[in-house]
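Colleague:
Protein chains: 2
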Amino acid sequence: MSGPTLVLMSVGLPPPKRITIADVASRANVSTAAVSKVLRNAYGVSPAMQERVRQAMTELGYRPHAAARGMRGQTYTIGVMIPDVRNPFFPEIIESLSEHLDGTDYQVLLGPGGSDTESQTRITDAMVDRRMDGLVMIAPIAPRRELEAIAKTVPMVVIGRHGRSTEYDTVVDDDIMGAGLIVDHLADLGHQRIAHIGHKDRGPSWPATMPQTVRAEGYRQAMRRRGLEAQIDIVLTSYSEEGGYSAARELLSRPVRPTAIFAGADVAAIGVLEAAYELGLRVPEDVSLAGYDNTSIAALGPISLTSVDQDGHLMGSNAARLLLERIEQKRHRSVLLSLSPTLVPRRSTRSPLADSGGA
Amino acid sequence: MSGPTLVLMSVGLPPPKRITIADVASRANVSTAAVSKVLRNAYGVSPAMQERVRQAMTELGYRPHAAARGMRGQTYTIGVMIPDVRNPFFPEIIESLSEHLDGTDYQVLLGPGGSDTESQTRITDAMVDRRMDGLVMIAPIAPRRELEAIAKTVPMVVIGRHGRSTEYDTVVDDDIMGAGLIVDHLADLGHQRIAHIGHKDRGPSWPATMPQTVRAEGYRQAMRRRGLEAQIDIVLTSYSEEGGYSAARELLSRPVRPTAIFAGADVAAIGVLEAAYELGLRVPEDVSLAGYDNTSIAALGPISLTSVDQDGHLMGSNAARLLLERIEQKRHRSVLLSLSPTLVPRRSTRSPLADSGGA
DNA sequence: ATGAAAGCGCTAACAA
DNA sequence: TTGTTAGCGCTTTCAT
Chain L
76 MSGPTLVLMS
86 VGLPPPKRIT
96 IADVASRANV
106 STAAVSKVLR
116 NAYGVSPAMQ
126 ERVRQAMTEL
136 GYRPHAAARG
146 MRGQTYTIGV
156 MIPDVRNPFF
166 PEIIESLSEH
176 LDGTDYQVLL
186 GPGGSDTESQ
196 TRITDAMVDR
206 RMDGLVMIAP
216 IAPRRELEAI
226 AKTVPMVVIG
236 RHGRSTEYDT
246 VVDDDIMGAG
256 LIVDHLADLG
266 HQRIAHIGHK
276 DRGPSWPATM
286 PQTVRAEGYR
296 QAMRRRGLEA
306 QIDIVLTSYS
316 EEGGYSAARE
326 LLSRPVRPTA
336 IFAGADVAAI
346 GVLEAAYELG
356 LRVPEDVSLA
366 GYDNTSIAAL
376 GPISLTSVDQ
386 DGHLMGSNAA
396 RLLLERIEQK
406 RHRSVLLSLS
416 PTLVPRRSTR
426 SPLADSGGA
Chain C
76 MSGPTLVLMS
86 VGLPPPKRIT
96 IADVASRANV
106 STAAVSKVLR
116 NAYGVSPAMQ
126 ERVRQAMTEL
136 GYRPHAAARG
146 MRGQTYTIGV
156 MIPDVRNPFF
166 PEIIESLSEH
176 LDGTDYQVLL
186 GPGGSDTESQ
196 TRITDAMVDR
206 RMDGLVMIAP
216 IAPRRELEAI
226 AKTVPMVVIG
236 RHGRSTEYDT
246 VVDDDIMGAG
256 LIVDHLADLG
266 HQRIAHIGHK
276 DRGPSWPATM
286 PQTVRAEGYR
296 QAMRRRGLEA
306 QIDIVLTSYS
316 EEGGYSAARE
326 LLSRPVRPTA
336 IFAGADVAAI
346 GVLEAAYELG
356 LRVPEDVSLA
366 GYDNTSIAAL
376 GPISLTSVDQ
386 DGHLMGSNAA
396 RLLLERIEQK
406 RHRSVLLSLS
416 PTLVPRRSTR
426 SPLADSGGA
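Line order of the protein sequences matches chains L and C. Throughout, our numbering is defined as the position within the first sequence, counted from one, plus 75. Throughout, our numbering is defined as the position within the second sequence, counted from one, plus 75.
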């Protein structure tokens, strides 16, 4: 294979300089203060002046300098911290968030934080340093105290993390319930050896409020409720293809295999599929499989993965609404919004074969 | 299903105010200019003063105000315009981009632009308004003139768009070659009726330089080269699951079906799989299928999709490098970097059955 | 209703 | 090497 091709080209002209409110002001024969007021739809400008200023703005192609505005007023920027850009569930939230903000003056900017505390802190700080008007944190792993410290500085909504805070709003899906839906579904089908694949993250933070912890806990509770306490079987890897793969390699290589696997995320379930495929095991004939998140891949005919739907759309729009309330109406009382998930049964789960009795 | 649960909570304290260089300066008994210099690692500060200032910074927990810095100097922010947050190929580019920037003072912020011109323009303007130091545009659909107008204002690298510009750098994968790899592969297997699913986007821009156009053109060229000109068969929908699905419904319902389908993107190929599944056709027994992008889903055992690999990692790191060169070394000569793709053959393609002779 | 002017936190000439 | 100071583009009192 040939290496990359490289082509050089010419040129370099003097950079044009931007139009400021001063330009607009002089063009419209008004003060800069007047222009500023028009810009903000502030009180105390006659319709006539309004018109003149707007005219001048369009004629000159004026664009407000967001950073400069931010020095005194707002930056009109909403920051969204995203751990793991690859997670196919986040786009749903993000899309709905931006949609909700589309009519407003606010712009959404995404901060790619890694799955470790440091990089999440780094990008979060970066957003604060840029004086964003509000922050949406998607499943952050920082300790609550840290989040609250930031939330004291800037309006904040946390998505996908359980527990409440007085400093920020929370939008969360009831993961206890979601895990229960899956376990009940599998138990109803006659499964007993139901294993769970969980996510363990790095970092010092106590993860009791993280979705993965709550899903595992929901799994435990449901297993007990169904009298399957002795069958509780959790493998902690990560919510990723690799994580699901390695967990499944372990589970499916045992002398007594589980008859069903509940992966805490669809991506992990995909890894399980891969492992099962390699081991020559069929889903659902040899092992039932369920995921979580109901990502679009779960719906695919050849995959047809039973999953739990979280309505990311609703999460996103609510997060946007709550954040705007905090920013514009200066609300300080915090809100906890808990949405209920729904089960989406598909072909990846079915009754275990006759030979698969209890332990 | 019960509706969302809502819980209200209390509190509201006076917001603390931020530490500025003035605070740091007085604490360290130096001028603000000195602090500024330390901040920028600028020339002309004694090690002693360096130390005093850094000390004061950490003691006070000082964080520079990015917007204020931006008013005179840089914002240390790199903006990345992303059309379609759902495209699973982009995360690769983004990850490698951020990685490359990790050691530097720059921060990556992502601008979610939709698949239409307006929303892309909107988010791009927003990034310019925020005085980002550099912009990376991933497969933008704006006309080249528009891109160049922006590039005159701010250092810019365009990814995934063919054609060259004197104003910005380009990192692109050779889509003509990539399409050729697929067609050759299929033709070598004995296929003749090879159909192609393309992407047609909205917007007034002339799309001759867009990847989808080039891939379609590459397909045509390769078909001619292989003497299959009469078999050229392109269905234009979109690079999405739905697009692939509807195109495949059409193609596979014909009296004389193609023996192979080359979808311009893996996501579209996934839609084809879905359609084939619904129609009771097997891949590859009844129809061979190839995608493009080699996304992780293509590698899955149950899917095993033949695809073209683009090395997003290399694209991302090169884009970062080129952008930094433009920003820091003020390079003006533009660069075109063309990477070559590779074929990744998998089980979704095989020789057509005997009964599937030429038209 | 309108405008003059004082900052916001920082950078960069220029002086010392 | 260090400090002084004039902005950057906008918002926001406070007079007019």
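For every residue, glycine included, the Cβ atom is placed at its ideal position computed from N, Cα and C.
Just the C-alpha distance for G302(C) and D259(C), rounded to the nearest angstrom, thanks.
Modeller: Their backbone Cα atoms lie some 11 angstroms apart in a straight line.
Colleague: With 7 angstroms as the limit, tell me which residues of the segment 175 to 195 of chain L have their beta carbon closer than that to any beta carbon of chain C; keep them in chain order.
Modeller: Answer in chain order: Q182, V183, L184, L185, G186, P187.
Colleague: Using a threshold of 7 angstroms, state whether the C-beta atoms of L210(C) and V229(C) are closer than that.
Modeller: Yes. Within cutoff.
Colleague: If contacts are defined as beta-carbon pairs under 8 angstroms, then R287(L) and Y314(L) qualify, I think. What distance do you get, rounded to the angstrom?
Modeller: In the sequence as presented, Arg is not what sits at residue 287(L); that position holds Gln. Sure, about 7 angstroms apart at Cβ, within 8 angstroms.
Colleague: Under 7 angstroms between beta-carbons, which chain C residues line up against Y352(L)? List them in chain order, please.
Modeller: Simply G376, P377.
Colleague: Spatial neighbours of S409(C) within its chain, please: CB distance less than 8 angstroms, with the 5 preceding and 5 following residues excluded, ordered by chain position.
Modeller: Excluding residues within five positions, the ones whose Cβ falls inside 8 angstroms are R239, S240, T241, E242, Y243, D244, T245.
Colleague: Give the DSSP-derived three-state secondary structure of H407(L) in the structure shown.
Modeller: Coil.
Colleague: Checking contacts by CB at 7 angstroms: is L348(C) closer than that to chain L?
Modeller: So yes, L348(C) belongs to the interface.
Colleague: Helix, strand or coil for F164(C), going by three-state DSSP, please let me know.
Modeller: Coil.
Colleague: If I measure Cβ to Cβ from T425(C) and keep anything under 7 angstroms in the same chain, skipping five residues before and after, which residues do I get?
Modeller: The sequence given here places Arg at residue 425(C); Thr does not occur at that position. Counting only Cβ-Cβ distances below 7 angstroms, and skipping sequence neighbours, we find L264, P359, S363.
Colleague: So, under 8 angstroms CB-CB, V99(L) and Y137(L) are touching, yes? Tell me the CB distance rounded to an integer number of Å.
Modeller: Contact holds; Cβ gap of about 5 angstroms.
Colleague: Measure the alpha-carbon distance for V439(L) versus H237(L) and round it to whole angstroms.
Modeller: A query on residue 439(L) cannot be resolved here, the shown segment of chain L reaching from 76 to 434 and no further.
Colleague: Just how far apart, CA to CA, sit R329(C) and L326(L)?
Modeller: In a straight line, the C-alpha of R329(C) is about 45 angstroms away from that of L326(L).
Colleague: How is L399(L) classed by DSSP in three states: helix, strand or coil?
Modeller: DSSP places L399(L) in helix when its eight states are reduced to three.
Colleague: Residues in the same chain with beta-carbon distance under 7 angstroms from Q195(C), minus the five sequence neighbours each way, listed in chain order, please.
Modeller: Counting only Cβ-Cβ distances below 7 angstroms, and skipping sequence neighbours, we find M156, P158, G188, G189, P215, I216, A217.
Colleague: Under the DSSP definition of a beta bridge, which residues are partnered with I272(C)?
Modeller: According to DSSP, which records beta bridges pairwise, I272(C) is partnered with V310(C), A338(C).
Colleague: For Y294(L), does the count of other Cβ atoms within 10 angstroms reach 16, so buried, or fall short, so exposed?
Modeller: So Y294(L) counts as buried.
Colleague: Taking Cβ-Cβ distances shorter than 7 angstroms, what residues in chain C pair up with S371(L)?
Modeller: Near S371(L) (Cβ distances below 7 angstroms), the residues of chain C are E316.
Colleague: Can you find at least 3 beta carbon pairs, one from the segment 164 to 176 of chain C and one from the segment 382 to 401 of chain C, that sit closer than 8 angstroms?
Modeller: Counting Cβ pairs under 8 angstroms, three or more are found: they touch.
Colleague: Check for me: the alpha helix (DSSP H) holding D244(L) runs from which residue to which?
Modeller: Unbroken run through D244(L) is the beta strand (DSSP E), 244 to 248; no alpha helix (DSSP H).
Colleague: Is the beta carbon of G376(C) closer than 7 angstroms to that of E349(L)?
Modeller: Cβ distance < 7 angstroms, so E349(L) and G376(C) count as in contact.
Colleague: Between A97(L) and R206(C), is the Cβ-Cβ spacing less than 7 angstroms?
Modeller: Not a contact, by the Cβ cut-off of 7 angstroms.
Colleague: Tell me whether G273(L) is buried or exposed, calling it buried when 16 or more other Cβ atoms sit within 10 Å of its Cβ.
Modeller: Looking at its Cβ environment, which holds 16 or more other Cβ atoms inside 10 Å, G273(L) is buried.
Colleague: Could you give the distance in angstroms between the alpha-carbon of D368(L) and the alpha-carbon of Y118(C)?
Modeller: Approximately 53 angstroms, taken between the alpha carbons.
Colleague: Buried or exposed for D473(C), please, with buried defined as at least 16 other CB atoms from any protein chain shown within 10 angstroms of its CB.
Modeller: Given a span of 76 to 434 for chain C in the structure shown, any question on residue 473(C) remains unanswerable.
Colleague: Just verifying my parser: in three-state terms, what is the DSSP assignment at S382(C)?
Modeller: Strand, per DSSP.
Colleague: State the Cα-Cα distance for the pair S413(L) and S379(C), rounded to the nearest angstrom.
Modeller: When rounded, the distance between both Cα atoms is 39 angstroms.
Colleague: Output, in chain order, the set of chain L residues within a Cβ distance shorter than 7 angstroms of A142(C).
Modeller: In chain order: A142, G145, M146, T150, R205, R206.
Colleague: Counting only beta-carbon atoms, is V54(L) nearer than 7 angstroms to chain C?
Modeller: Since the displayed chain L opens at 76 and closes at 434, residue 54(L) lies outside it and no answer follows.
Colleague: Quick check on this structure: which residue in T107(L), S173(L), T133(L), E126(L) has the alpha carbon closest to the alpha carbon of A395(L)?
Modeller: Nearest C-alpha to A395(L): S173(L).
Colleague: Excluding sequence positions up to five away, which residues of its chain have a Cβ less than 7 angstroms from the Cβ of I307(C)?
Modeller: Closer than 7 angstroms at Cβ, skipping near neighbours: R295, M298.
Colleague: Should E170(L) go down as buried or exposed, given a rule of 16 or more other Cβ atoms within 10 Å for buried?
Modeller: Burial call: buried.
Colleague: When DSSP labels each residue in this structure, what does S190(L) get in the three-state scheme?
Modeller: DSSP places S190(L) in coil when its eight states are reduced to three.
Colleague: I'd like to know whether the C-beta atoms of A131(C) and A103(C) end up nearer to each other than 7 angstroms.
Modeller: Yes.
Colleague: Looking at the structure shown, is S240(C) part of a helix, part of a strand, or coil, going by DSSP?
Modeller: The answer is coil: DSSP assigns S240(C) none of H, G, I, E or B.
Colleague: Please confirm whether G255(C) and V247(C) have their CB atoms less than 7 angstroms apart.
Modeller: Against a cut-off of 7 angstroms, the Cβ pair of V247(C) and G255(C) comes out as no contact.
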